[in-house]
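Enquirer: If you read the sequence shown in our numbering, its first letter stands for residue 587, the second for the next number, and so on. The beta carbon of each residue, even a glycine, is placed where N, CA and C say it ideally should be.
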Amino acid sequence: MPSPFENPDLEQQFSEAEKRVIAGDPEAIELLSHLCHRRPDDARPRFLLGALFEGLGRFEESLSALNVALQRDGGQVQVIAAKARVLDRLGQTAEAERFLSDALRDQPRSSSLWANFGVLLE
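See the structure below:
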């Protein structure tokens, strides 16, 4: 996969998308969809789309985007934690626990995953 820095315009679009996601701007959906199309193997725009949908309370859409991000890069702690949160928000707490528990078997030294697991159990 080519580095996103090979195309400064594309990297600028990612930066703009991140800012819009943080701001909770629903208009970022169009930009993120464009980035998903331009970078089909990149997990990053799908994670951002999942985060935006989560922030907008659109949990089913969030889960869908996060699942695709995990298919692209299954080891990303941020994506794993986001999926567990969304599962919990959908009332699928037992599934979220199983999912985080499986992730911890693969990454037992991840303090972030342990923290997320603790928050979920709380």
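Looking at the structure shown, is residue 644 part of a helix, part of a strand, or coil, going by DSSP?
Expert: Coil.
Enquirer: Any idea what DSSP makes of residue 695, helix, strand or coil?
Expert: Three-state result, residue 695: coil.
Enquirer: Could you have a look at residue 587 and say whether DSSP puts it in helix, strand or coil?
Expert: A caution first: residue 587 carries a pLDDT of 44, below 50, which makes its placement in the model unreliable, though a value can still be read off. Residue state, collapsed to three classes: coil.
Enquirer: Just the Cα atoms here: how many angstroms apart are residue 680 and residue 672?
Expert: When rounded, the distance between both Cα atoms is 12 Å.
Enquirer: Between the alpha carbons of residue 700 and residue 597, how many angstroms are there, rounded?
Expert: Whole-angstrom Cα-Cα distance: 31 Å.
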